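Take a look at the structure below.
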Amino acid sequence: MPRTIRGVLFDMDGVLIDAKEWHYEALNRALRLLGMEIPRDIHLSTFDGLPTMRKLAILSETRGLPPGLHTFINELKQTYTLQIAHTRCRPALHHQYALSRLRREGYRMAVCSNSVRNSVRVMMELAGLAEYLDLFLSNQDVSKPKPDPEMYRAAMARLGLQPWECLIVEDNENGIRAARASGGHVMVVNSVDEVTYSRIQAAIVEAERDRNENSFAAGRQGQVL
0 MPRTIRGVLF DMDGVLIDAK EWHYEALNRA LRLLGMEIPR DIHLSTFDGL
50 PTMRKLAILS ETRGLPPGLH TFINELKQTY TLQIAHTRCR PALHHQYALS
100 RLRREGYRMA VCSNSVRNSV RVMMELAGLA EYLDLFLSNQ DVSKPKPDPE
150 MYRAAMARLG LQPWECLIVE DNENGIRAAR ASGGHVMVVN SVDEVTYSRI
200 QAAIVEAERD RNENSFAAGR QGQVL
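In numbering that gives the first Met the number 0, the protein residues as written are 0 to 224.
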């Protein structure tokens with residue numbers, strides 16, 4: 000069976016870095032100054048996977064957060080996030096093994112995250128994964144963050160790949176919507192522990208099988224017509 004998958008694109012939070020709780024803690028610490036903390040269940044159902052500025056816009060719409068405070072709260076939240084990351088972010092052997100194997104096998108790789116650029120860079124370096132990546136994109140590198148597919152499409156273009164040549168690893172609703180809308184193959188995980196070399200390879204095999212079966216079916220249909 001010919002190899003059709005040539006690139007693997009990863010979300011960061013909840014996929015390569017177990018940072019969802021870090022972002023929640025950092026944002027609530029900043030919002031605590033205004034008495035506007037977000038309950039955990041609301042954060043999971045409404046805010047998970049969104050950029051901080053989008054979260055603040057929602058708070059302005061629903062709870063009257065003054066828009067003039069967005070920049071201040073966002074910068075404070077990013078400071079708290081990096082403080083937490085430097086304390087808790089450590090290399091995960093199964094992630095380093097997975098990305099190093101994929102790199103040796105010739106796959107192009109990128110991280111596409113709704114986090115800000117500096118957070119992505121710092122966390123990838125602390126996790127020991129930066130050396131395996133061809134590029135990373137943040138919410139500051141696109142005009143429309145996830146759930147819009149722009150970030151994934153931009154990564155594909157910069158890697159010189161077509162959507163059907165890419166496997167995208169995602170974990171939350173907004174990211175999954177973006178991944179599917181981009182036209183890439185999607186591997187959904189529930190935790191960072193599920194992001195292993197064997198699981199990624201199994202997803203690649205399945206995606207390539209589906210692609211080849213669809214191509215064969217299209218060819219047969221063309222012959223009939």
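Think of the CB as a built atom: it goes at the ideal place given N, C-alpha and C, for glycine as much as any other residue.
Remember, predicted model here, so these are calculated numbers, not experimental data.
In the pairwise beta carbon analysis, the stretch 142-157 is classified as not touching the stretch 33-45: fewer than three pairs are separated by under 8 Å. Taking a contact to require three or more Cβ pairs closer than 8 Å, the stretch 69-85 and the stretch 165-185 do not qualify as touching.
Met150 and Val7 do not touch by the CB rule: their CB atoms are close to 15 Å apart, not below 8 Å.
Look at the beta carbons and you see the stretch 93-110 touching the stretch 5-19: at least three pairs across the two are nearer than 8 Å. Between Gly48 and Asn138, the gap from beta carbon to beta carbon reaches 8 Å or more. The beta-bridge partner set that DSSP reports for Met108 consists of Val7. Contact between Glu212 and Thr3 fails: their C-beta atoms lie close to 11 Å from each other, not under 8 Å. By the criterion of a C-beta distance shorter than 6 Å, Cys165 is surrounded in its chain by Gly6, Leu8, Met155, Gly183, once the five residues flanking it on both sides are discounted. The three-state reading of DSSP puts Glu169 in strand, counting E and B together. Judged by DSSP in its simplified three-state form, Leu75 adopts helix. For Val191, the three-state secondary structure derived from DSSP is helix. By the neighbour-count criterion, in which a residue is buried when 16 or more other Cβ atoms sit within 10 angstroms of its Cβ, Val204 is exposed. When only Cα atoms are considered, Pro66 and Arg53 end up about 11 Å apart.
Your pair Thr51 and Asn27 does not check out as a contact, with CB atoms roughly 12 Å apart and the cut at 8 Å. Take Leu75, set aside five residues on each side of it, and the residues of its chain with a beta-carbon closer than 7 Å to its own are Ala29, in chain order. Of Ile16, Ile57, Leu98, the smallest CA-CA separation from Gln200 is found for Leu98. Distance from the CA atom of Arg102 to the CA atom of Ser190, rounded to whole angstroms, is 22 Å. By alpha-carbon distance to Thr195, the top candidate from Gln95, Asp209, Gln161 is Gln95. In this structure, the beta-carbon distance from Ala153 to Ile16 does not fall below 8 Å.
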